[in-house]
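Here the structure comes first, spelled out in structure tokens, and everything after it is commentary.
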Amino acid sequence: MSAERQDHKLDRNVNSENESEYIRTSDVSEKGVHEIFRQHFNARFEPLKVEPSSVNIDKAAVISESESSNDETDWDGISDEETNVQVVEFSDETQLGTTFMSKTEIKAFMNSKPPLNLPSTPHTTSEGTNRHDTVEADHLKNDLALQRLLTESHLLESSQDLTLSGRNRHKATDMRLQSLGSKFSILKQEKMPMAHRRGIEAKQNEREAKRRRNARENGIILEKAATASKKGPDLKRDRGIGAPGVGRFARGTLNLSRKDIAEIQGPRRGPMMKRGVSGKGRGKKK
């Protein structure tokens with residue numbers, strides 16, 4: 001039995017060796033045929049790109065698996081050291097010149113009320129504001145000069161010179177003081193003879209009437225003529241609505257004076273005058 005078993009093993013070994021030799025020869029023959037076709041094709045056309053064989057892919061997979069297994073064996077657990085997080089900041093250069101909102105604009109934006117029609121012009125520089133202030137000051141100065149020229153133009157009619165001098169200069173100064181709030185004229189003379197004062201007032205009234213007459217003929221509208229206020233006891237006291245027209249009402253009683261009673265009753269007729277005896281009286285006998 002042992003001899004048969006040994007023979008059977010020898011046969012199996014011989015068969016396996018024959019099969020391996022057949023496989024080798026078949027592989028060599030297939031490779032040789034492919035190589036012959038490849039050389040023939042390359043001679044006729046351009047050489048082809050040789051793709052990596054499956055054997056190399058399998059080897060790379062085996063190597064990667066072995067490396068991963070080695071990594072798993074080398075893992076020591078979670079380390080106590082904190083990993084530093086890499087922070088990358090990106091800033092666009094075009095955003096550096098952006099304008100920010102002022103406090104008033106932020107308040108107007110955050111307010112619940114509807115926005116007003118405010119000018120949306122950007123803030124000017126200090127040079128622009130200074131230039132604007134100087135221009136406004138010049139305009140104000142020119143406006144004041146024009147206003148003075150219009151108010152004092154009638155003083156220049158009698159003189160050929162454009163500059164005020166003497167009497168006209170005093171009048172212009174008096175007009176400027178009155179425009180600033182002066183109650184009295186500096187040209188008014190308090191102590192002078194009554195005849196002179198009346199003559200001066202009559203002359204002033206005549207000139208004023210002539211000026212207004214010429215303005216009315218030329219179609220010029222002048223200011224309203226100032227009327228002198230009434231002074232003295234002629235002014236009556238303004239009584240309220242429902243107040244009595246006669247007497248004085250105080251503390252629920254109406255007080256009437258003798259004068260009020262006399263006004264109510266009207267003028268009285270006096271007693272009948274006795275007729276006197278006309279003629280000469282009797283004299284003493286001589």
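Each residue of the sequence shown is one higher than the one before, starting from 1 at the first, in full-length UniProt numbering. Backbone N, C-alpha and C define an ideal beta-carbon position, used for all residues, glycine too.
With residue i and residue j assumed to form a contact (beta carbons below 8 Å), what rounded beta-carbon distance in angstroms separates them?
i	j	result
Val246	Ile264	7 Å
Ala172	Glu152	5 Å
Leu222	Arg213	The pair is not a contact, with the Cβ atoms about 11 Å apart (cut-off 8 Å).
From residue i to residue j, what distance separates their C-alpha atoms?
i	j	result
Asn205	Leu146	28 Å
Ala225	Asp138	34 Å
Gln178	Ile186	9 Å
residue 287	Phe100	Absent from the model: residue 287. The displayed extent of the chain is 1 to 286, so no value can be given.
residue 287	Arg197	Absent from the model: residue 287. The displayed extent of the chain is 1 to 286, so no value can be given.
Pro267	Arg248	22 Å
Lys188	Lys103	58 Å
Arg38	Asn84	56 Å
Gly181	Ala250	42 Å
Phe109	His132	28 Å
Leu256	Ala262	10 Å
Val88	Glu136	53 Å
Leu150	Asp174	15 Å
Pro193	Lys203	16 Å
Phe41	Val33	12 Å
Lys210	Lys141	33 Å
Glu208	Asp143	27 Å
Lys107	Lys113	10 Å
Lys183	Leu254	43 Å
residue 305	Ile200	Residue 305 lies beyond the stretch modelled for the chain, which goes from 1 to 286, so this question has no answer here.
Asp260	Arg216	50 Å
Asn168	Glu105	55 Å
Thr129	Arg148	29 Å
Gln86	Phe45	54 Å
Thr227	Arg258	37 Å
Ala195	Asn218	35 Å
Mind checking residue i: buried by the 16 CB within 10 Å criterion, or exposed?
i	result
Arg269	exposed
Since residue i is in the beta strand (DSSP E), which residue starts that stretch and which ends it?
i	result
Leu256	Element bounds for Leu256: n/a, residue is neither H nor E.
Arg248	Arg248 to Ala250
Give the range of the alpha helix (DSSP H) segment to which residue i is assigned.
i	result
Ala108	Lys103 to Met110
Next item on the list: Would you list, in sequence order, the uninterrupted alpha helix (DSSP H) runs of no fewer than 4 residues that lie entirely inside the stretch 147-214?
Entry: 167-179
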